[in-house]
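Notes for the one structure printed next.
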Amino acid sequence: MTPQEETVILEARDILGRYLSQNPVIGSWQALMDYCALSVRGPIERFHVLYLDRKNRIISDELLSTGTVDHVPVYPREVIKRALMLNASALILIHNHPSGDATPSDADLSMTKEIQKGCRYLGLTLHDHIIVGAGMELSLRALGKL
Numbered sequence: 001m002t003p004q005e006e007t008v009i010l011e012a013r014d015i016l017g018r019y020l021s022q023n024p025v026i027g028s029w030q031a032l033m034d035y036c037a038l039s040v041r042g043p044i045e046r047f048h049v050l051y052l053d054r055k056n057r058i059i060s061d062e063l064l065s066t067g068t069v070d071h072v073p074v075y076p077r078e079v080i081k082r083a084l085m086l087n088a089s090a091l092i093l094i095h096n097h098p099s100g101d102a103t104p105s106d107a108d109l110s111m112t113k114e115i116q117k118g119c120r121y122l123g124l125t126l127h128d129h130i131i132v133g134a135g136m137e138l139s140l141r142a143l144g145k146l
């Protein structure tokens, strides 16, 4: 990525962030995918969680963990603890695969299942886990993995 491209991406994130703070509902699937692609794509793995209220408005987009080129540590307990602290009703997990291949790993699937179990037990809704690759985003819900 060139320095100019990095600058454009940072500016786009700022614009999107300002837009979402004024219009905190992600109104369509494509808007969610665009947001995910802009917020987490990069050279190292990043794990974000969108915490949502009962009307699926974003309470907070939180970067919970950064990792290496092929791994990011995720602690289901911390994901759920933060949801409770924010009084969130639902969440969407988002992370990137710097390799460009958005195919979920066994670890991705296992971690998602653990978070899903905790959410179910505490009355939270896990809407999706989206993995961002090079020019594409995959939804675990759409793949039938949730």
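Start counting the sequence shown at 1; every next residue gets the next number (the UniProt record's numbering).
For glycine and all other residues, C-beta sits at the position ideal for the given N, C-alpha and C.
C-beta atoms of residue i and residue j nearer than 9 Å
| i | j | result |
| --- | --- | --- |
| L143 | L91 | no |
| I58 | L52 | yes |
| D128 | L93 | yes |
| I80 | C119 | yes |
Option nearest residue i by Cα separation, candidates the options
| i | options | result |
| --- | --- | --- |
| E78 | N56, F47, H97 | F47 |
| H95 | E11, L38, R120, L84 | L38 |
| T103 | L124, I131, E5, D14 | I131 |
| M85 | L122, L109, D34 | L122 |
| P98 | K113, N56, L109, G42 | G42 |
| A107 | S89, P76, G27 | P76 |
Exposure of residue i, with buried meaning 16 or more beta-carbon neighbours within 10 Å
| i | result |
| --- | --- |
| V72 | buried |
| T112 | buried |
Three-state secondary structure assigned by DSSP to residue i
| i | result |
| --- | --- |
| T125 | strand |
| Y51 | strand |
| I80 | helix |
| V72 | coil |
| T2 | coil |
| E137 | strand |
Neighbourhood of residue i by C-beta distance below 7 Å, restricted to the same chain and skipping five residues each side
| i | result |
| --- | --- |
| G67 | I44, E45, P73 |
| D61 | S39, H48, L50 |
| S65 | F47, V72, P73, V74 |
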